[in-house]
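Residue numbers (our numbering), protein chains in the order written: chain S, 995 to 1205; chain D, 995 to 1205.
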DNA sequence: GTTGAGAGTCACTTTGCGGTGACTTACTGG
DNA sequence: CCAGTAAGTCACCGCAAAGTGACTCTCAAC
C-alpha cells in the first residue's frame, strides 16, 4: 500500500510540499477574492484548510509566504510572456500592440490588480519590495517585446507619454474591478473596452507617428 | 463671567459643537497622514484628544462621522471652485486648462487622494457612496467651468478620451504620494510635472484640435 | 437652592487578531 | 523493533480593537 493512497482520517496527509502549495494557492485566492486587507494568518489558514501554525513553520510567517508568492510574479502576468517577438513597422505600432497586450493581461490577472491597488495605500515595506519586483518584471517584458523595433521619433517625451498611457490603463482596469465605472464611462461593458483600445491607438499614433 | 472663558481644568470645555469640529478635523488629519486603514474609534479619539464615546453620541459611530465629513467634500477640492468661468477659444484649450487645474488641486489635497486610493481597495458601501458623491462634485465642477466652451470636434470619442486623461492624472498623482515613481519616471521632481503638463497638452491638442 | 439635562470620564465586556508551547500521530533510518 | 524526526492538532497567551453602562461634573431653568 503506497503512502499517497492511505488517508488515515484522524490526521491530515502529512505532505509538507502539498501543504505549502495549498497555502500559496489559498493566499492567491484570498487576495484575489477579498484583497490584501483580508490576508491574515487566521483567514489564510481557514481558506487553506490547514492549521495556522504551519504558516510559521514553513514560511516563517506571512511575510515569508508573501515573498515566496512574489517570486512567482511573472507568472501573474499570465501567458503574456509567451508572446513572440515580432518586427514592427514603427515605434507607434509597437507601442500600440504592446500596451494593449499589457492591458488585456492586467485585466485577466486580478491578483496583479490587487497588488497594484494595494501599492497605492500600503506603507508596508514588503509591499513596496513586491512593487519593485513587479515593476522590473513588467519593464523587462516590455523590453523583450520591443527588442526589434524602430526608435521613437525625436522631440517627443516618450518616457512621460509612456507613463501617461500606462497610468491610464492601470487606472481604468483598477476602477473596472472596484467600482465598475469611471468618469461616466461604464467599464463593465466589453464594447467600452473596444472603444478604449481604439482611442488609445489614436492617441499613440497622433503623438508618435511622424507627421 | 462668560461660559466660553472659563476653563475648569478638571473636565473638558463642555462645548459640543467644538468637540464635533475637533473630531471632524482629527479625522481629516488622520486620514491624510496615515490613510483610511488607520481610521478607528480609538485612534481617532486619541488624535482629537477626546473620549471615544462621544463619537457614538454625536455621530452614531464612525460611519455617521464619515458621512458628515463627506458632506464637506467639495471643500476638499480646495479653492478650485472659486475659479472664474472664462470663454475658451476651443474645446482643446478648455480641456487642457481644466484638466491641469484638476491635477493641481488633486496634488494638493492629500485627503482626496486617500479617498481615491481607498475606493480602489475597499468594498465598504460607505466608501462607495462617498465615491459617488465625489464623482458628482467633480463632474459638476467640470461642467460649470465648461459652460461657455465650444463643442468638441466630431468623430472623436470624447468620453473615452476624457476617461483616459483623467485616469492617467489620477494614477500619476496617486503614485507620486505612495511610491514616488511610476514607469521609470521620478514623480517627486517638480520638473517632471512640468513635462507631464506639456505632454498632456500635446496629447489633447493632437486629438482635439481640428486638423 | 434644587433639579434635570447634557458634556465629559472611566471601567468594563466582548471579540478577533497574531503568535506560541505542548501535545499526538505517523513515517523512517538504523 | 525502536527511537528520532517531522507533520499536524489543540489550547492557550497577550493585545488591541469596537462598543457600552454607569458614573461625575457643570450649567441653566425654575
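Cβ coordinates follow ideal geometry from the N, Cα and C atoms, glycine included.
Because the structure is a prediction, the values reported are computed rather than measured.
- In the structure shown, residue 1180(D) adopts extended strand secondary structure according to DSSP, grouped into three states.
- With 16 or more other CB atoms across the displayed protein chains lying within 10 angstroms of its CB, residue 1085(D) is buried.
- The alpha-carbon of residue 1040(D) is positioned some 56 Å away from that of residue 1087(S).
- Per DSSP, the beta-bridge partners of residue 1175(D) are 1180(D).
- For residue 1089(D), the enclosing alpha helix (DSSP H) begins and ends at 1085–1102.
- Contact annotation for residue 1088(D) against chain S: no contact, minimum CB-CB distance about 16 Å [criterion: below 9 Å].
- Under a 10 Å Cβ-count criterion, residue 1198(D) is classified as buried, with 16 or more other Cβ atoms of the shown protein chains found around its own Cβ.
- In this structure, the alpha-carbon of residue 1200(D) lies about 18 Å from that of residue 1157(S).
- Segment contact: the segment 1045–1052 of chain D against the segment 1098–1115 of chain D, fewer than three CB-CB distances shorter than 8 Å; contact not assigned.
- In this structure the segment 1165–1172 of chain D lies against the segment 1144–1163 of chain S, because at least three pairs of beta carbons, one per stretch, are closer than 8 Å.
- The segment 1013–1021 of chain D makes contact with the segment 1051–1070 of chain D, as at least three CB pairs between them are under 8 Å.
- Nearest in C-alpha terms to residue 1152(S), of all of 1144(D), 1196(D), 1124(D) and 1111(D), is 1196(D).
- Of all residues in the segment 1166–1185 of chain S, only 1166, 1168, 1169, 1172, 1173, 1176, 1177, 1178 and 1179 place a beta-carbon less than 8 Å from a beta-carbon of chain D.
- Within the segment 1099–1129 of chain S, the complete alpha helix (DSSP H) segments of 4 residues or longer fall at 1104–1113, listed in chain order.
- Distance from the CA atom of residue 1089(D) to the CA atom of residue 1046(D), rounded to whole angstroms, is 46 Å.
- With fewer than three CB-CB distances shorter than 8 Å, the segment 1128–1138 of chain D does not count as touching the segment 1122–1130 of chain S.
- Between the C-alpha atoms of residue 1180(D) and residue 1007(D) there is a straight-line separation of about 48 Å.
- In the three-state reduction of the DSSP assignment, residue 1031(S) falls in the helix class, which pools H, G and I.
- For residue 1190(S), the neighbours in chain D by C-beta distance under 9 Å run, in chain order, 1151, 1154, 1157 and 1158.
- The beta-carbon of residue 1127(D) is placed no less than 9 Å from the nearest beta-carbon of chain S.
- Apart from sequence neighbours up to five positions away, the residues of its chain that approach residue 1145(D) with a beta-carbon distance below 7 Å are 1085, ordered along the chain.
- In the DSSP assignment, residue 1051(D) falls within the unbroken alpha helix (DSSP H) covering 1047–1053.
- About 5 Å separates the beta carbon of residue 1097(D) from that of residue 1163(D), a gap short enough to meet the 8 Å contact definition.
- Under a criterion of Cβ atoms nearer than 8 Å, the residues of chain D adjacent to residue 1200(S) are, in order, 1197, 1200 and 1201.
- Taking 9 Å as the threshold, the shortest C-beta distance from residue 1070(S) to chain D does not fall below it.
- Taken through DSSP and simplified to helix, strand or coil, residue 1040(D) comes out as helix.
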